[in-house]
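Q:
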Amino acid sequence: MATLRLFANLREMAGTSTVEIDGATVGSVLDTATDRFGAGFAAGVHIANVWVNGTQADRNTAVGEHDEVAVIPPVSGGVTTFEDGDVTPALLGIILLATFAIANVISVEALAFAAVGGTLAWLWDLGDTQAEDGRAVPVIGALVGAAASGNGAYAWGVPGLAGGLVVGLMAVLAHALYDGRLRTLPALSSGMLMTLTAGAGAGGLVLARAHSPVNLTVFLVLVVLAAVAQWVARRFLPDIGGLDPNLAIAAGVLVGAIAAGLVADTLSPAEALVAGAATVAGLLAGKALGSMLRRGDVAHTTRSPGLLTAVDGAVLAAATFWVGVLLFD
3 MATLRLFANL
13 REMAGTSTVE
23 IDGATVGSVL
33 DTATDRFGAG
43 FAAGVHIANV
53 WVNGTQADRN
63 TAVGEHDEVA
73 VIPPVSGGVT
83 TFEDGDVTPA
93 LLGIILLATF
103 AIANVISVEA
113 LAFAAVGGTL
123 AWLWDLGDTQ
133 AEDGRAVPVI
143 GALVGAAASG
153 NGAYAWGVPG
163 LAGGLVVGLM
173 AVLAHALYDG
183 RLRTLPALSS
193 GMLMTLTAGA
203 GAGGLVLARA
213 HSPVNLTVFL
223 VLVVLAAVAQ
233 WVARRFLPDI
243 GGLDPNLAIA
253 AGVLVGAIAA
263 GLVADTLSPA
273 EALVAGAATV
283 AGLLAGKALG
293 SMLRRGDVAH
303 TTRSPGLLTA
313 VDGAVLAAAT
323 FWVGVLLFD
């Protein structure tokens, strides 16, 4: 038997990274796999690169026992999976970031208003996405928590943020009292995750701006660099010898953080690097969390449903960036 090794979206569709399959050629191995895993898998295999024991191969390449057949979609599944022609999520993400940037210049009050409004819109989009999938979640409680956290951070700083998060968790539980569909562990856990993420994100934006408008500018620039690096990795870099989009995010953000540490007068190079690393962690974790909440599972190579998917990572990253800066206060 040959070992078929799958990558990116093919691995996610098959539910495994390796499978043992009988076949004398690459073509017969792939045909058996597509029969087993379905039409979506077959479409991905059709445009994927195939390697046998580290050497590029085609369907006629012979395989034997203990040979490894690696099937790798273009740009780790990025180009064909993500480029579906719908630019609405990207445009909405740009508009939201531009709103934060303008509010940052105006005042901390304007930024607090924008932060709360943006996270409320993100929560509403999450709720709509889950409702379309037939899942009930306590969105109202999460909205209350995000508003309380953002406004609490503006009025009372860190204690206000903490109090707002507590209010949000209580609101989620209270919402479940009036709707029997929400009295399940999946519904309550989703609602609490949404509350904590949105509340911490809104509060993190406000506290970062209260500390210094320069710090918030640095964060927004890092988010933009992450988006650009991810797009370049998916669009232009070849799969073999290229760069994984998640690694591209990390590289883009860390390079930007180092530059910020050399330019910004509010952050030393060490502080900027720690804040950049915290931002990377928040962006990647936020993307995974957004995928889980929207789809019900974690997927790195398929776009999740919804209009504000572009800011899934940024919401959590706002909180982790602020924590990274706070470590040096």
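Residue numbers 3 to 331, in the numbering used here, belong to the letters of the sequence shown in order. Glycine is no exception: its CB is placed at the ideal position from the N, C-alpha and C atoms.
(1) Report back the beta-carbon spacing between W65 and V31 to the nearest angstrom; my notes put them in contact at under 8 Å.
(2) Taking a contact to mean a Cβ-Cβ separation below 8 Å, would you say W324 touches A210 in this structure?
(3) To the nearest angstrom, report how far apart V234 and P247 are at their CA atoms.
(4) What residues are listed by DSSP as bridge partners for I74?
(5) For G137, which option in L98, G95, A164 and R185 has the closest C-alpha, if you only look at C-alpha atoms?
(6) Once you ignore the five residues that flank A189 on each side, which residues in its own chain have a CB closer than 6 Å to its CB?
(7) Go ahead and label A4 buried or exposed: buried means 16 or more other beta carbons lie within 10 angstroms of its beta carbon, across all protein chains shown.
(8) Just the C-alpha distance for S78 and F9, rounded to the nearest angstrom, thanks.
(9) Excluding sequence positions up to five away, which residues of its chain have a Cβ less than 8 Å from the Cβ of L218?
(10) I'd like the list of long-range same chain contacts for N62, defined as Cβ closer than 8 Å, with 5 residues on each side in sequence excluded.
(11) Among V276, R296 and R297, which one has its Cα closest to the Cα of L328?
(12) Give me the Cα-Cα distance between A155 and V230, rounded to the nearest whole angstrom.
(13) Compare the C-beta of A157 against all C-beta atoms of chain C and say whether one is closer than 8 Å.
(14) Would you say L224 and G278 are within 8 Å of each other, going by their C-beta atoms?
(15) Cα separation between A228 and E67?
(16) With burial defined as no fewer than 16 other Cβ atoms inside 10 Å of the residue's Cβ, what is the status of T281: buried or exposed?
(17) Mapping the DSSP letters down to three states, classify L269 as helix, strand or coil.
(18) With 16 other CB atoms within 10 Å as the buried threshold, where does A92 fall?
(19) According to DSSP, is V139 part of a helix, a strand, or is it coil?
(20) From F39 to N51, what distance separates their C-alpha atoms?
(21) Should R296 and L94 be called a contact, given that it needs their Cβ atoms to be closer than 8 Å?
(22) Once DSSP output is grouped into helix, strand and coil, what is the label at R38?
(23) Where does A59 fall in DSSP's three states?
(24) So, is A319 buried or exposed, given that buried needs 16 or more other C-beta atoms within 10 angstroms?
(25) For E273, count neighbouring Cβ atoms within 10 angstroms of its own Cβ and tell me buried if that reaches 16, exposed if not.
(26) Give the single residue among R13, P271 and A321 whose Cα lies nearest to the Cα of F43.
A: Concretely, from the data shown:
(1) As written in the sequence, residue 65 is Val, which differs from the Trp given in the question. About 6 Å separates the beta carbons of V65 and V31, which is inside the 8 Å limit, making them a contact pair.
(2) yes
(3) 8 Å
(4) N51
(5) The sequence shown places Arg at residue 137, not Gly. Of the listed residues, the one whose Cα sits closest to R137 is R185.
(6) The beta carbon of A189 lies closer than 6 Å to those of A138 and V139 in the same chain, with the five residues before and after it left out.
(7) buried
(8) Only weak support is given to the placement of S78: the predicted model assigns it a pLDDT of 42, under 50, and the value that follows is read from those uncertain coordinates. S78 and F9 have their C-alpha atoms roughly 7 Å apart.
(9) Scanning its chain for C-beta atoms nearer than 8 Å, with the 5 sequence neighbours on each side dropped, one finds around L218 the residues F102, N106, L113, L207, A210 and R211, in chain order.
(10) Cβ neighbours of N62 beyond the five flanking positions: T27, V28 and G29.
(11) V276
(12) 30 Å
(13) Absent from the structure is chain C; it holds one protein chain and no more.
(14) yes
(15) 43 Å
(16) buried
(17) coil
(18) exposed
(19) Correct three-state label for V139: coil.
(20) Note on geometry: alpha-carbon atoms of F39 and N51 lie some 18 Å from one another.
(21) no
(22) helix
(23) In the structure shown, A59 adopts coil according to DSSP, grouped into three states.
(24) buried
(25) The C-beta of E273 has 16 or more other C-beta atoms within 10 Å across all chains shown, which makes the residue buried.
(26) R13
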